[in-house]
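Residue numbers (the working numbering): 12 to 313.
Inspection log for the structure reproduced underneath, given as structure tokens.
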Ligand SMILES: Nc1ncnc2c1ncn2[C@@H]1O[C@H](COP(=O)(O)OP(=O)(O)OP(=O)(O)O)[C@@H](O)[C@H]1O
Ligand SMILES: [Mg+2]
């Protein structure tokens, strides 16, 4: 069924965030009192540069990230099974759609019909966003068959064809928030580490140029201190940010947690936060500093 799939790609929507230039830089510079010249010493800064942020809208995450994900970043959301990766990715798109942004979700781990049937049970999700084309859901296997890529492994040409088709969809629709769920499933078809590296690097670079902030969902088997944050060991080096999601056992209960391991372009908390999947969306609650202070900045970690 293609109702929520590739049939949507022909639609062109206005993009409220990005201007018409595809080469729009994703960095911006805000001067704070540029006229301030310092008589006290040469080491005092005269200006502060701040990356524009993609405000995720996920409760607690923007506080952890000191305002949101730096605009145009490619973020790996690496998590164990059932840790809430898909829900987090979908809410990221819903919050963007509520702000009028065009969003896309490429699903490789479950059919789009099943995905939507599951996610629509959450009160934060509104099927009208799909029907109106604000959230565009694509089945990866439909994309593969369109591209003639119904094969067990991809070579360099196949990888380039895949990048081109994703970038074309993003460009045509004017997508500013993208989720690929999961990049692990996709990368299983790319047999060499070097090719996976090239795929992620080139895709991330092109999406950044288009001003698209991307969450690549990655499946990992363990989220403990010594775990790899990716399945192939290369995704974590290429990604601009890594968000780890996993379980922590407490008295026979599996509590979900989320931790931002890295996020280029911003300071952020690296503390573990408990996650609740509520009808209104994902809620993050500081685990370590909860109750330590009523001050918001310390609540969300150093
Ligand atoms: N309506 C709901 N409200 C709260 N929690 C839910 C609801 N539906 C499912 N869940 C919980 O969410 C979990 C699935 O979340 P999600 O699909 O986001 O995880 P995931 O990390 O993507 O999983 P997978 O590894 O299977 O891809 C379920 O295992 C269940 O515990
Ligand atoms: Mg999932």
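Even for Gly, the Cβ is constructed at its ideal location relative to N, Cα and C.
Remember, it's a predicted structure, so these values are computed and weren't measured experimentally.
Around the beta carbon of residue 60, fewer than 16 other beta carbons lie within 10 angstroms, which makes this residue exposed. For residue 280, the number of other beta carbons within 10 angstroms of its own is at least 16, and it is reported as buried. Residue 290 counts as exposed, since fewer than 16 other C-beta atoms from the protein chains shown sit within 10 angstroms of its C-beta. Each of 143, 191, 252 and 211 was checked against the Cα of residue 109, and the nearest Cα belongs to 143. For residue 205, no beta strand (DSSP E) run applies; the uninterrupted alpha helix (DSSP H) run containing it begins and ends at 204-220, by DSSP. For residue 96, the CB falls within less than 6 Å of some heavy atom of ligand 2.
Of 258, 90, 67 and 86, the smallest CA-CA separation from residue 79 is found for 67. Three or more pairs of CB atoms, one per stretch, sit closer than 8 Å, so the region 73-90 contacts the region 218-235.
The Cβ atoms of residue 255 and residue 234 sit closer than 7 Å to each other. DSSP places residue 279 outside both helix and strand once states are collapsed to three, so it counts as coil. For the options 244, 267 and 212, the alpha carbon positioned closest to that of residue 251 is the one of 212. If you check the CB distance, residue 195 and residue 242 come in under 7 Å. The straight-line gap separating the alpha-carbon atoms of residue 133 and residue 92 is approximately 19 Å.
244 is the residue among 190, 244 and 219 whose C-alpha sits nearest the C-alpha of residue 205.
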